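Protein chains in written order, with the working numbering: chain A, 1 to 225; chain B, 1 to 225.
2 protein chains.
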Amino acid sequence: MDISSVSDPAARLVRMPAQERRELILEAATAVFAERGYAGTTTAQVAQAAGISQPYVVRMFGTKEKLFLEALDRSLGKLMDSFRSVVADYDGGRLAEKVAALGPERGTGRQAHLKALLSFAYADLIQDRGILLMLMQSFISGHEPVIGARAREGFVGIYRLLRDEAGMGEEVTRDFLAHGMLMNTLISLRLTDLYGQDAGADELLKCTMGAKLPLLLAHETPRAN
Amino acid sequence: MDISSVSDPAARLVRMPAQERRELILEAATAVFAERGYAGTTTAQVAQAAGISQPYVVRMFGTKEKLFLEALDRSLGKLMDSFRSVVADYDGGRLAEKVAALGPERGTGRQAHLKALLSFAYADLIQDRGILLMLMQSFISGHEPVIGARAREGFVGIYRLLRDEAGMGEEVTRDFLAHGMLMNTLISLRLTDLYGQDAGADELLKCTMGAKLPLLLAHETPRAN
DNA sequence: GTCTATAAGATGATAGAC
DNA sequence: GTCTATCATCTTATAGAC
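What follows is the structure, encoded as structure tokens:
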């Protein structure tokens, strides 16, 4: 995703409904905050990515912090929506084929099935680096009074969704989260950049991502700078 | 760890050997970079934490980036030293008592034993938030040309150490790393701040940290700001 | 080895025009 | 709804004294 072209830079001064512009800015902000972090991102970078002026970004969201919070909420929302729809589809019997394709080595029973299905859904979702990295950025914001609090709420919310709403139980949820965190780290680190060049990186990626690796490598991941 | 008192602020203008001052600055830099990240940290904050002037920090390390790299290397070094010494002690039979105390539910055999022992060593090491958070900061620096490259090298180095040098094998190493990443996330997020106040947070912490939880809660974790 | 002074360049946010 | 101009602040790094 090329940050500088989230929207057409030539198309300035185009009036548009506030809600539409809002979403456009949030998408741009997600991409920039994701790579550069809260402190490392300037409102001018977000503005450029969204194709509008810097003061307008501030005008629309009040402060940089509020903009970050909205972008984080948006990512968390997409994640929870994705998980909820998998659970609903599984319970509605609409994933019977996918379940059959999983094979027995991933375990049997509802919890094991959900774990595998949700893991695929997650790998799918985080093909959008923006979403994944917004989460990662939130994880390291524990010390920030406002953002940190929201980050904790978000994480606990996902844990509850998985353990209680989806009914995966304590241990399965923990293992699911643990492997998710490892996937996060490998992607965030851009370990895929070393794929084919470093035997250790290759094996770690294969072993961690399994059948989901091709999805990752398909990424165009231009080193933003 | 109170950032503002890593060294005595009153003790200015005390001459000391360059190497000693270097280590002092690196320790201060680790604490500050850890909480606020690379972009969010100013050289003035590091200077204050180290009890010296801002220009002297720059003078000694050249640039903020070089300072960060040295602090990261220092943390990575401590981590690898810790892991290597566990492996050496295990193979030297010097951990027989600890192994016996593990109980059978953690598995038997060299790999399972090492996994459990290393996991305790890790929990011990990251009682120093600085080390853990420096690693986390490096994980999200994938897009930075210099820091990102070092971060990838460091991660692959640890993977190799565990898999090959320690002989834990692919799957066990992956699971070890995965659960380590989850621990990292919970600590970095300061989820312990919610302990006793949020049932979800409590159960996630207990389930993830197991016997290592008391270690975590013992922390004085003043919300730096 | 360590400091003070300061240059040179961002950056978040506000004011006010169109 | 959107922009231009601009302020006040902060930040890295350099120069040079002690």
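Note that beta-carbon positions come from the ideal geometry of N, C-alpha and C, so glycine has one too.
Quick caveat, the model's predicted, so the values are computed rather than measured.
query: Residues of chain A with a CB under 9 Å from the CB of methionine 168/B: which are they?
result: Within chain A, no residue has its beta carbon less than 9 Å from that of methionine 168/B; the closest one is some 12 Å off.
- prompt: Are the segment 195–209 of chain B and the segment 151–164 of chain A in contact at 8 Å, needing three or more beta carbon pairs?
  reply: Taking a cut-off of 8 Å for Cβ pairs, the segment 195–209 of chain B and the segment 151–164 of chain A touch, as three or more such pairs fall below it.
query: Can you round the beta-carbon distance between glutamine 137/A and glycine 37/A to whole angstroms, since I take them to be within the 8 Å contact cut?
result: Correct: roughly 5 Å between the Cβ atoms.
- prompt: Using a C-beta to C-beta distance shorter than 8 Å, which residues of chain B count as neighbours of arginine 160/A?
  reply: Scanning chain B for C-beta atoms nearer than 8 Å to the C-beta of arginine 160/A yields Gly200, reported in chain order.
message: Once DSSP output is grouped into helix, strand and coil, what is the label at leucine 15/A?
response: At residue 15/A the sequence reads arginine, which differs from the leucine that was named. DSSP places arginine 15/A in the coil class of the three-state scheme, outside both helix and strand.
Cβ pair count under 8 Å reaching 3, the segment 211–221 of chain A against the segment 179–193 of chain A: Because the criterion of three Cβ pairs below 8 Å is met, the segment 211–221 of chain A and the segment 179–193 of chain A touch.
- prompt: Between alanine 228/B and alanine 178/A, which are expected to be in contact by the criterion C-beta below 8 Å, what is the C-beta distance as a whole number of angstroms?
  reply: With chain B covering only 1 through 225, there is no way to say anything about residue 228/B.
query: If you run the structure through DSSP and keep just helix, strand and coil, what is leucine 95/A?
result: Residue state for leucine 95/A is assigned as coil, using DSSP reduced to three classes.
query: Around the Cβ of arginine 163/A, are there at least 16 other Cβ atoms within 10 angstroms (buried) or fewer (exposed)?
result: With 16 or more other Cβ atoms within 10 Å, it is buried.
query: By a C-beta neighbour count over all protein chains shown, 10 Å radius and 16 as the cutoff for buried, is valine 6/A buried or exposed?
result: Reliability fails at valine 6/A, whose pLDDT of 47 lies under 50, so the model's placement of it is uncertain and the value that follows must be treated cautiously. By the neighbour-count rule (16 or more Cβ atoms within 10 Å), valine 6/A is buried.
Cutoff 9 Å: phenylalanine 139/B Cβ touching any chain A Cβ: For phenylalanine 139/B, the answer is yes, since a Cβ of chain A falls inside 9 Å of its Cβ.
query: Cβ atoms of methionine 183/B and lysine 212/B: under 9 Å apart, would you say?
result: Taking 9 Å as the Cβ cut-off, lysine 212/B and methionine 183/B qualify as a contacting pair.
message: Residues in the same chain with beta-carbon distance under 7 Å from arginine 106/A, minus the five sequence neighbours each way, listed in chain order, please.
response: Its chain contains Ala112, Ala116 as the residues whose beta carbon lies nearer than 7 Å to that of arginine 106/A, once the 5 sequence neighbours on both sides are disregarded; these appear in chain order.
query: How big is the Cα-Cα spacing for threonine 43/B and glutamate 65/A?
result: Using only the alpha carbons, I get a separation of about 23 Å.
task: Given a cut-off of 9 Å, decide if alanine 31/B and alanine 49/B are closer than it, judged by their beta-carbon atoms.
output: Contact: yes.
- prompt: Is there a Cβ from chain B that is less than 9 Å from the Cβ of arginine 106/A?
  reply: Cβ-Cβ to chain B under 9 Å: no for arginine 106/A.
- prompt: Relative to the alpha-carbon of threonine 108/A, which residue among Val172/A, Glu35/A, Leu133/A, Thr208/A has its alpha-carbon at the smallest distance?
  reply: It is Val172/A.
message: Closest to tyrosine 195/B by C-alpha separation, out of Asp89/A, Glu153/A, Asp175/A, Ala96/A, would be which residue?
response: Measuring from the Cα of tyrosine 195/B, the nearest candidate turns out to be Glu153/A.
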